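Once you know that position 403 of the sequence shown is 531 in our numbering, the rest is easy, because the numbers rise by one and skip nothing. Note that beta-carbon positions come from the ideal geometry of N, C-alpha and C, so glycine has one too. The structure displayed is predicted, hence computed values, not measured ones.
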Amino acid sequence: MLPTRPYSARPCSACGELLPTAPGATVLACEACGTELHGRPASRRLVDPDWIALAPKAKLRYADDTPALLTAPEGLVPFRVERATARRLLRDWARRQWFAPRALRRIDESESFRGAYLPFWVWQARTRSRYKAARGDYQWAQGGGGRVRSVRWSPAAGVVDRDFPAVPVAATSLLEGAALADLWRDWRLGRAVAFEPRMLDGYWTQAYDLEPEAGLESAKARMAAEVERGVRARVGGDEQHVPSIETAYAGLGYRLVLLPVWLVSFPHRGRRRMVAVHGESGRVVGERPLSGPKLLSAAVLALAVAGAILYFCLLSLSSCPARQPGSRRHAHPLHMLYGSWNATRQLSGACIPQSAPASPGCASDTPQTVPGEAMGSPMKHAVAKASSPWWAKAMVVSGAMVMVISGGGAIAAQVGVNVLEDSVNQADLLGEQRVEAEEGEQITGPLNFLVLGTDERVGAGGEARTDADIIVHVNKDLTQVSMISLPRDLYVEIPSGVPASETKLTEAFAYSEDWGESFQNTAETITNLTGIQFDGGAIANFEGFLDMVDELGTIELCPWHEITSIHGDKKTYPEGCAEYNKEDALDLVRQRYGWDSDEDYANGTWGDFGRQKMQQQAIKKILERAKEKGYATDPTKAVDLLNSFGDALTLDVGSYSLIDMITQMRDVDPNEIISIGTPSSEGNMNGTSYVLIHEGTDEEAAADALWEAIANDTIDEWACANDQWLSGDSKPDCAVAPVDGGQGAGEETASDEPTVN
């Protein structure tokens, strides 16, 4: 936790009490004894213009003209990513920079690689924002040319209160460049401890050279952006117009906190370029220059290859190997390209008709003319020289240009890969709970991922619990995905971190304010229950996840009966499939108590089971809509979609590259995802309601068989034998599937009627 003592530069020399500070202060007055300490807020010149080397006792060393009132650090976040791991992450990142200079490609070998603590001003504030807005709701009417959309606008106004406990802003100009400016993200400031100089032993650090007030505007801008997002979420509707948000700030304060990064530099074009590995999440950010010689070489090579290909194509036509109509001989490449025998013959300028019998290679049943001569004119007896006309030469140049453009496309693709890798927060969530893969190993199945959903913003800190716990299983061929939902109230044994070791699964995530540690605790809990270990994982905020709906437009959801929301305006959603915007989709997937009809209890879709089913349905529908709109094949659109996550998602794909993972799983069809609910039912223990896998029942046998099917990659077989635990629209083809290893006969194809999530 961040220290709770008041913000202070130093203790009073007379009584030892901490002196209150203010940005730019030249006099500090002790509130306890009245002693005044005078100083000057001069510029802070470092001993080394780039770095301060720490003495063995880790005392900060500043230049002689450093002012006496230089604020001391109050907190420090320890390193979580070790040196070896940071070097591996750096190496993997550098190898993906195809057109980078050699110095960057070998950056992991640099002797300048070092651990460093960089200074950040961490601001806190409470805000009250009054807004005036207009909400726009789409209305559809049937017109002469089809359906016509109009927007009905209604006024909206209100007050939004927010608490910002920690907003980090760089306190060093080293991070002012665009490449490293993104380092302020992902910090779990709840892990900060009170600063002691000995903590810096073996690391480098840098004194701050930006005053707190210099970062205040940046902090306010980030707070304002969060406030606006909250206002727009409250206004709702299909469109919003928010002309006025007036925000008042209270309780403004700051601390100087040192945050851990691994830093390395490399030379390029006469200056040092910087790359950093985030000391907590492992995310790599930094400068990525392109190598001019590599780009030039690629262009020259493309030009040479294009010219060679077209030259040999034209040359080979002189012997007329192309297949004429009715012939069984292989077609010439240019014939296949242009799709016309006449165009191919004219392109080559060869095979000119002669008075002598035509050669076998140029056989024809119809009179032929020399290009430019009319039919019936005197035949030329000499074979025309096979030359390349000007337009054929132009074809060579054009083809070369196409190849160069293709080379530019490869460069753009590489840039897209880099953007894709940086679009989503990536962190080591599993830690020691991971199934480790060999470095550089090709991605092969089967794979298991743990996805946890929460209503808290990812990385916001503070105690949180999960509303969705999903095992995502990918088969051996990387073509089939299954989602197994575990009830949040499932009765489990939790290894550590809660008062009662046997309680609800959702409590496992409340282990720590550090979400990484909480994720590992939840993973260990599920592994102990199922025997399944995980290759990767994710933490998702469902509201943020549904931000993708804004990018996609709308998604189709299909409630199996009418349901009235318990939130907000208490909307009623009709039975059947309809298009939903983000706000309504989010409201619908959050419903829990509305799934309480006789049908729900009969089919096992009551309460949290119904919510699980809607969550799985929303995930599938988002993936289906994304694939329909080309997000799976268009890198630019894919980046836009991933960027819509913002801070709502943190991924852990281990040693694999995210782009490799996406590429290898490109054949997955969202329509074929199998959605499974854990075999279980409601129960009561010591007056508390739980979801239980009752011992000695068919539930326990089916659950044990499910865990075994996941381990053996035989989920199709289990699903065909246990269709009562499947969503109605996600059954595999059971016509020829074996049925051993589970409960039930499995002789018939599963029903299309919805049953259980």
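Buried or exposed: residue i, going by 16 or more other Cβ atoms within 10 Å of its Cβ?
{"i": "A91", "result": "The question about residue 91 has no answer, for the chain in this structure spans 129 to 885."}
{"i": "Q743", "result": "buried"}
{"i": "W518", "result": "Low local confidence applies: a pLDDT of 43 at W518 is under 50, so the model's placement there is unreliable, and no value is given."}
{"i": "C143", "result": "exposed"}
{"i": "Q745", "result": "buried"}
{"i": "I694", "result": "exposed"}
{"i": "W315", "result": "buried"}
{"i": "E345", "result": "exposed"}
{"i": "A378", "result": "exposed"}
{"i": "G581", "result": "buried"}
{"i": "K604", "result": "exposed"}
{"i": "A376", "result": "exposed"}
{"i": "A335", "result": "buried"}
{"i": "V563", "result": "exposed"}
{"i": "P201", "result": "buried"}
Between the alpha carbons of residue i and residue j, how many angstroms are there, rounded?
{"i": "K698", "j": "A160", "result": "55 angstroms"}
{"i": "G782", "j": "V403", "result": "21 angstroms"}
{"i": "A322", "j": "G665", "result": "31 angstroms"}
{"i": "E408", "j": "H689", "result": "45 angstroms"}
{"i": "D178", "j": "D337", "result": "With a pLDDT of 31 at D178, under the threshold of 50, the modelled position of that residue is not reliable, and the figure given next carries that caveat. So the two alpha carbons sit approximately 11 angstroms from each other."}
{"i": "T887", "j": "G264", "result": "Nothing about residue 887 can be reported from this structure: the residues present for the chain run from 129 to 885 only."}
{"i": "R720", "j": "K260", "result": "32 angstroms"}
{"i": "T154", "j": "G644", "result": "In this prediction, T154 has a pLDDT of 47, which is less than 50 and means its spatial position is unreliable; nothing more can be read from the coordinates."}
{"i": "D366", "j": "L779", "result": "29 angstroms"}
{"i": "T658", "j": "E621", "result": "12 angstroms"}
{"i": "E711", "j": "L680", "result": "13 angstroms"}
{"i": "G559", "j": "Q648", "result": "7 angstroms"}
{"i": "V413", "j": "V405", "result": "7 angstroms"}
{"i": "T733", "j": "K741", "result": "8 angstroms"}
{"i": "T791", "j": "S855", "result": "28 angstroms"}
{"i": "G381", "j": "S785", "result": "40 angstroms"}
{"i": "A713", "j": "R211", "result": "43 angstroms"}
{"i": "E630", "j": "T653", "result": "10 angstroms"}
{"i": "D597", "j": "D617", "result": "10 angstroms"}
{"i": "H369", "j": "P283", "result": "10 angstroms"}
Quick one: what does DSSP say residue i is sitting in, helix, strand or coil?
{"i": "S855", "result": "coil"}
{"i": "T634", "result": "helix"}
{"i": "V543", "result": "Note that V543 scores a pLDDT of 47, beneath 50, so its modelled location is shaky and nothing firm can be said."}
{"i": "M611", "result": "strand"}
{"i": "D220", "result": "helix"}
{"i": "Y729", "result": "helix"}
{"i": "T650", "result": "helix"}
{"i": "Y245", "result": "strand"}
{"i": "P388", "result": "strand"}
{"i": "I843", "result": "helix"}
{"i": "Y639", "result": "helix"}
{"i": "G581", "result": "strand"}
{"i": "D265", "result": "strand"}
{"i": "P687", "result": "coil"}
{"i": "V677", "result": "helix"}
{"i": "T594", "result": "coil"}
{"i": "A849", "result": "helix"}
{"i": "P206", "result": "coil"}
{"i": "R254", "result": "strand"}
{"i": "R401", "result": "strand"}
At what residues does the beta strand (DSSP E) containing residue i begin and finish?
{"i": "L302", "result": "Unbroken run through L302: none, as it is neither H nor E."}
{"i": "F662", "result": "No beta strand (DSSP E) holds F662; DSSP gives it neither H nor E."}
{"i": "L716", "result": "It is not in any beta strand (DSSP E) - L716 instead sits in the alpha helix (DSSP H) that spans 710-718."}
{"i": "R280", "result": "274-298"}
{"i": "G811", "result": "809-813"}
{"i": "V819", "result": "816-820"}
{"i": "V563", "result": "It is not in any beta strand (DSSP E) - V563 carries neither H nor E in the DSSP assignment."}
{"i": "G778", "result": "Note that residue 778 is Thr in the sequence shown, not Gly. Segment 777-780, the beta strand (DSSP E) holding T778."}
Please report the residue range of the alpha helix (DSSP H) in which residue i lies.
{"i": "S346", "result": "340-363"}
{"i": "Q744", "result": "736-756"}
{"i": "A833", "result": "826-840"}
> Using 8 angstroms as the Cβ pair cut-off and three pairs as the minimum, do the segment 601-614 and the segment 785-801 touch?
Replying inline: At 8 angstroms Cβ cutoff, the stretches touch.
>> Using 8 angstroms as the cut-off, can you tell me whether the segment 827-842 makes contact with the segment 811-819, which would need three or more C-beta pairs spanning the two stretches below that distance?
In response: Flag = no, the segment 827-842 and the segment 811-819 do not touch.
> Is the number of C-beta pairs between the segment 268-276 and the segment 343-352 that are closer than 8 angstroms three or more?
Replying inline: In short, these stretches do not touch, since the Cβ pair count stays below three.
> Okay, do the segment 814-825 and the segment 636-643 touch, 3+ Cβ pairs below 8 angstroms being the bar?
Replying inline: Contact between the segment 814-825 and the segment 636-643 is absent, because fewer than three Cβ pairs lie under 8 angstroms.
>> For the structure I just gave you, are there three or more beta carbon pairs, one from the segment 293-303 and one from the segment 237-256, closer than 8 angstroms?
In response: In this structure the segment 293-303 lies against the segment 237-256, because at least three pairs of beta carbons, one per stretch, are closer than 8 angstroms.
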